[in-house]
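Shown next, in structure tokens, is the structure this report addresses.
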Amino acid sequence: MDGTAGLTPAERLLVRQSPLFFALDAEDLASLIALGRPIDCAGPTLLFSQGDQADRFYVVLAGRVRLFIVTAQGRESVIEFVEPGLSFAEAAMFGTGRMPVNADVVAHTRLLQIPAAPMRARIAAEPRLARLMMDSLVRWQRRLIGRVAEFKVRSPSQRLAAALLALTVVSKGPASMHLPMSKTELAAHVGVTPESLSRAIARLRRVGVAVRGAEISIADVGALSRYCDGAAGTADPAGPPP
Amino acid sequence: MAFVGRAPLDETEKALIGKIGLLASVQCAYLPPLLAQCRVAGVPAGTLLYDQDAVAEGVFVVLAGQVGLLLGVDGGRRCLIEILGPGRLFGEGGLFDTGRYPSAAQAITAARIAIIPLAPLLAAIGECATLRQRMLAYLSGRLRLLVGQIAQLKLMSAAQRLAAFLLSQAEPDRQGGLVHLQCERRVIAGMLGMTPESLSRAFRHLHGLQVSSPDRNTVVIADLSRLRRYVATDPEILEIPPAAEPLPASGFGRKCATGAAG
Numbered sequence: 000m001d002g003t004a005g006l007t008p009a010e011r012l013l014v015r016q017s018p019l020f021f022a023l024d025a026e027d028l029a030s031l032i033a034l035g036r037p038i039d040c041a042g043p044t045l046l047f048s049q050g051d052q053a054d055r056f057y058v059v060l061a062g063r064v065r066l067f068i069v070t071a072q073g074r075e076s077v078i079e080f081v082e083p084g085l086s087f088a089e090a091a092m093f094g095t096g097r098m099p100v101n102a103d104v105v106a107h108t109r110l111l112q113i114p115a116a117p118m119r120a121r122i123a124a125e126p127r128l129a130r131l132m133m134d135s136l137v138r139w140q141r142r143l144i145g146r147v148a149e150f151k152v153r154s155p156s157q158r159l160a161a162a163l164l165a166l167t168v169v170s171k172g173p174a175s176m177h178l179p180m181s182k183t184e185l186a187a188h189v190g191v192t193p194e195s196l197s198r199a200i201a202r203l204r205r206v207g208v209a210v211r212g213a214e215i216s217i218a219d220v221g222a223l224s225r226y227c228d229g230a231a232g233t234a235d236p237a238g239p240p241p
Numbered sequence: 000m001a002f003v004g005r006a007p008l009d010e011t012e013k014a015l016i017g018k019i020g021l022l023a024s025v026q027c028a029y030l031p032p033l034l035a036q037c038r039v040a041g042v043p044a045g046t047l048l049y050d051q052d053a054v055a056e057g058v059f060v061v062l063a064g065q066v067g068l069l070l071g072v073d074g075g076r077r078c079l080i081e082i083l084g085p086g087r088l089f090g091e092g093g094l095f096d097t098g099r100y101p102s103a104a105q106a107i108t109a110a111r112i113a114i115i116p117l118a119p120l121l122a123a124i125g126e127c128a129t130l131r132q133r134m135l136a137y138l139s140g141r142l143r144l145l146v147g148q149i150a151q152l153k154l155m156s157a158a159q160r161l162a163a164f165l166l167s168q169a170e171p172d173r174q175g176g177l178v179h180l181q182c183e184r185r186v187i188a189g190m191l192g193m194t195p196e197s198l199s200r201a202f203r204h205l206h207g208l209q210v211s212s213p214d215r216n217t218v219v220i221a222d223l224s225r226l227r228r229y230v231a232t233d234p235e236i237l238e239i240p241p242a243a244e245p246l247p248a249s250g251f252g253r254k255c256a257t258g259a260a261g
């Protein structure tokens, strides 16, 4: 077995960046990828239903997966869309052993499916490998906590400012650039509706940001950076620590 | 470290800690000596249990009261990430990778906290396959919850986020529910990612959904299912069951601490 399980090098890189495998070296990663197989869903496909046995987990290679529940009223409620490079169902596989949600795909999606039994056997036999997966999960946790804080502390226009600053190469003075994504993608990245994005863009005009189509100019990167770090919603629960 | 557990656990506390998802029904010889090394302490509101990036000395379990996890943001301010009540484990992020806590933990109310020390816990994880799998389940479950929290912040309105928070804290009473707010509204606003003014607006908005606030620390929800429909979801998916860490069935009162902080 060559450890590629039919994955392209780019796909193996995606798997390596996923929450469970982040801290693994190439050899360990190949041995785990070799446990699984790629699955191609050409169109709408139900992957599993709530209550199913959690005897496998997945990493998304291309497309996206919808995790949802069906409410008592029979309505579908989406919990999350899982994008390429992210995994799902591993918590259920390690935990209760039952899938807590339903998962399906709407359009063409490619997945790596890894069965639970050999995964559990490796974890039982190799504490070192389990520790590396724990390292991976904790590193991801740190990243997500930062993202949660960013959402809590920054307003939509501040988050847009942060996204634009991430695209500039200079740290002060004027800057101009070409937006490397569509407005819809930018809105999703910033975490707002397209309408709110327009409002945020309008608000940034006051701090010297001009948007014409995909061309963006910033009058003063330093001023935008200060706007981005301004107060929004921070608080200490009990004042400063003693 | 600011927090030093003094007393060993009594038998009741040992039983309670044995029920948290990470340890529940784990049959391994390493567990009794691990529990014997746990320490417990009562702390006043405002006590910093550990600071962000401090070298980890163990994981903690809330036995009574409430604890806030805080992340330092620009300008030396702190953002409240999460409020944890009795039965919740925290500090696990310090066990692995860098060995430092990813956020700070501070008692929001007077609290009773147990610490499971680092070295024996890591040794037990190294020896016991069930415990390894539980820890992986717990950490994966934590990631799912954080992803869910980000989705809420991205997609829900301020009033919906407040409703989701109130539902997560409510003690059910017939078809309604009661929430005791144990920290200042300013703090709750920060945790929900809104200004205090937006929080007031959100509360006013929820009045229309039969959510009332007879005093500053109490919220009455007259119709829980109506509020659930408002956040467009069933109660269980607001907190996708982490599977690894259910609250203990009994033993912990929700109203264990008095005196809101600050």
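As you go down the protein sequences, you meet chains B and H in turn.
Numbering-wise (numbering that gives the first Met the number 0), the first sequence opens with residue 0 and increments by one.
Numbering-wise (numbering that gives the first Met the number 0), the second sequence opens with residue 0 and increments by one.
Cβ coordinates follow ideal geometry from the N, Cα and C atoms, glycine included.
None of these values were measured; they are calculated from a predicted model.
Residues near residue i in its chain [Cβ-Cβ closer than 8 Å; skip 5 each side]
i                   : result
phenylalanine 80(B) : Arg63, Val64, Arg65 and Leu66
leucine 177(H)      : Ala169, Glu170, Thr217, Val218, Val219 and Ile220
glycine 252(H)      : With a pLDDT of 29 at glycine 252(H), under the threshold of 50, the modelled position of that residue is not reliable, and no figure is offered here.
methionine 118(B)   : Leu31, Leu34, Phe56 and Met92
threonine 103(B)    : The identity of residue 103(B) in the sequence shown is aspartate, whereas the question assumes threonine. Counting only Cβ-Cβ distances below 8 Å, and skipping sequence neighbours, we find Pro43, Thr44, Leu45, Leu46, Val64, Arg65 and Phe67.
methionine 180(B)   : His188
valine 25(H)        : Cys127, Thr129, Leu130 and Arg133
leucine 152(H)      : Arg160 and Gly192
Test: residue i CB closer than 8 Å to a CB of chain B
i                 : result
aspartate 96(H)   : yes
isoleucine 239(H) : Because isoleucine 239(H) carries a pLDDT of 32, less than 50, the predicted location of this residue cannot be relied on, and the following value inherits that uncertainty. Taking Cβ atoms only, chain B reaches closer than 8 Å to isoleucine 239(H), which makes this a yes.
leucine 135(H)    : yes
proline 101(H)    : yes
serine 156(H)     : no
valine 58(H)      : no
glutamine 36(H)   : no
lysine 153(H)     : yes
serine 139(H)     : yes
glycine 189(H)    : yes
glutamine 148(H)  : yes
alanine 128(H)    : yes
arginine 225(H)   : no
N-terminal and C-terminal residue of the alpha helix (DSSP H) that residue i is part of
i               : result
cysteine 227(B) : 220-227
glycine 17(H)   : 10-18
alanine 162(H)  : 157-168
alanine 40(H)   : Looking at the DSSP string, alanine 40(H) is not in any alpha helix (DSSP H); the run it does join, the beta strand (DSSP E), is 38-42.
alanine 25(B)   : 25-32
Span of the beta strand (DSSP E), counted from its first residue to its last, around residue i
i                : result
proline 37(B)    : 36-40
glutamate 214(B) : 214-217
glutamate 81(H)  : 77-83
alanine 55(H)    : Premise fails: alanine 55(H) is in no beta strand (DSSP E) and is neither H nor E.
valine 14(B)     : No beta strand (DSSP E) holds valine 14(B); the alpha helix (DSSP H) holding it covers 8-15.
leucine 69(H)    : 66-71
leucine 21(H)    : That residue, leucine 21(H), is in no beta strand (DSSP E); it is neither H nor E in DSSP.
leucine 177(H)   : 175-179
Same chain, Cβ closer than 7 Å to residue i, five either side skipped, listed in chain order
i                 : result
isoleucine 16(H)  : Leu8, Leu22, Leu34, Cys37, Val60 and Ala113
glycine 96(B)     : Gln52 and Ala53
methionine 132(B) : Leu19
aspartate 27(B)   : Leu128 and Leu131
aspartate 52(H)   : Arg99 and Tyr100
isoleucine 236(H) : The pLDDT assigned to isoleucine 236(H) is 34, lower than 50, so where the model puts this residue is not dependable, and the model offers no usable value.
Within-8 Å CB hit, residue i to chain H
i                 : result
glutamine 140(B)  : yes
proline 126(B)    : yes
alanine 106(B)    : no
arginine 130(B)   : yes
isoleucine 144(B) : yes
glutamate 194(B)  : no
proline 155(B)    : no
glycine 94(B)     : yes
isoleucine 38(B)  : no
Beta-carbon proximity list for residue i, same chain, < 6 Å, skipping 5 on both sides
i                : result
glutamine 157(B) : Cys227
glutamine 68(H)  : The sequence given here has leucine at residue 68(H), not glutamine. Contacts found: Ile80, Glu81, Ser102 and Ala104.
lysine 171(B)    : Val220 and Gly221
Residue i beta carbon near the ligand ATP (any heavy atom closer than 7 Å)
i             : result
alanine 88(B) : This structure lacks the ligand ATP, and indeed carries no ligand of any kind.
Any C-beta of chain D under 8 Å from that of residue i
i             : result
proline 18(B) : The chain labelled as chain D is not found among the protein chains of the depicted structure, namely B and H.
Suppose only complete runs of 4+ residues qualify. What are the alpha helix (DSSP H) ranges in the stretch 104-131 of chain B, listed by chain order? 115-124
Please give the ranges of any alpha helix (DSSP H) in the stretch 138-206 of chain B, keeping only runs that are unbroken, at least 4 residues long and fully inside the region. 155-164, 182-189 and 193-203
Mind listing, in chain order, the continuous alpha helix (DSSP H) runs of no fewer than 4 residues lying wholly within the stretch 103-140 of chain H? 117-126
Are the stretch 36-56 of chain B and the stretch 111-118 of chain B in contact at 8 Å, needing three or more beta carbon pairs? yes
Check whether the stretch 85-102 of chain B touches the stretch 16-25 of chain B, counting contact only when three or more Cβ pairs, one atom from each stretch, lie closer than 8 Å. yes
Complete beta strand (DSSP E) runs within the stretch 191-232 of chain H (minimum length 3 residues, chain order): 210-214 and 217-220
For the stretch 127-141 of chain B against the stretch 182-201 of chain B, are there 3 or more C-beta pairs whose distance is under 8 Å? no
Below 8 Å, how does it come out for the stretch 39-47 of chain H and the stretch 115-129 of chain H: are there three or more Cβ pairs, yes or no? no
Starting from the N-terminal side, write out each stretch of the alpha helix (DSSP H) that is 4 residues or longer and does not extend beyond the stretch 47-104 of chain B. 89-93
Three Cβ pairs or more, each shorter than 8 Å: is that satisfied between the stretch 185-195 of chain H and the stretch 143-152 of chain B? yes
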